[in-house]
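Have a look at the structure below, then the notes.
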């Protein structure tokens, strides 16, 4: 049984930083594409950052230079370091693990950026 458990969300002031963590169990993440998505009420879930099994990364334009995705295969974990946060980053963030014909999601973690 595959599970993804996110942690690290919370409330922060504009300009602050948070680090999200997604720990996987029941599967070895080193072989798969992983991503962080976010969603706000009334909007579609948006892919924010992704990392391939080979370590190649990709980011949505709005977070380039501020967010960094990485993976720690030894800990079966993917991280999202978020710096210079602003109000537009407020959302529920979801971890995603994807194969060719399937995908798993975490339960989501709330990130709120507010003064």
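Numbering (my numbering), first residue to last: 1472 to 1586.
Just so it is clear, CB atoms sit at the ideal spot from N, CA and C, and this is done for glycine as well.
(request) Can you tell me which of the three DSSP states residue 1531 falls into? (result) On the chain shown, residue 1531 is found 60 positions in, with the first residue counted as 1. Looking at residue 1531 - three-state DSSP - the assignment turns out to be coil, as it is neither helix nor strand.
(request) Please report the Cβ distance between residue 1481 and residue 1489, rounded to the nearest whole angstrom; I am assuming they are in contact, meaning their Cβ atoms lie under 8 Å. (result) Walking along the chain shown from the start, residue 1481 turns up at place 10. Walking along the chain shown from the start, residue 1489 turns up at place 18. Yes, residue 1481 and residue 1489 are in contact; Cβ-Cβ is about 6 Å, under 8 Å.
(message) According to DSSP, residue 1516 sits in a beta bridge with which residue or residues?
(response) As a first step, residue 1516 is located in the chain shown; it is residue number 45 there, counting from the start. The partner list for residue 1516 (beta bridge, DSSP) is empty, contrary to what the question assumes.
(message) Measuring straight from C-alpha to C-alpha, what distance separates residue 1526 and residue 1536?
(response) Taking the chain shown and counting its residues from 1, the one referred to as residue 1526 is at position 55. Taking the chain shown and counting its residues from 1, the one referred to as residue 1536 is at position 65. Residue 1526 and residue 1536: Cα-Cα distance of roughly 17 Å.
(message) For the beta strand (DSSP E) containing residue 1543, name the first residue and the last one.
(response) For this step, residue 1543 is matched to residue 72 along the chain shown. According to the DSSP assignment, residue 1543 belongs to the beta strand (DSSP E) that extends over 1538-1543.
(message) Could you pull the DSSP bridge partners for residue 1567 from this structure?
(response) Here residue 1567 refers to the residue found at position 96 of the chain shown. The partner list for residue 1567 (beta bridge, DSSP) reads 1506, 1576.
(request) Following the continuous beta strand (DSSP E) through residue 1477, name the residue where it begins and the one where it ends. (result) Indexing the chain shown from 1 puts residue 1477 at position 6. Run containing residue 1477: 1474-1478, per the beta strand (DSSP E) assignment.
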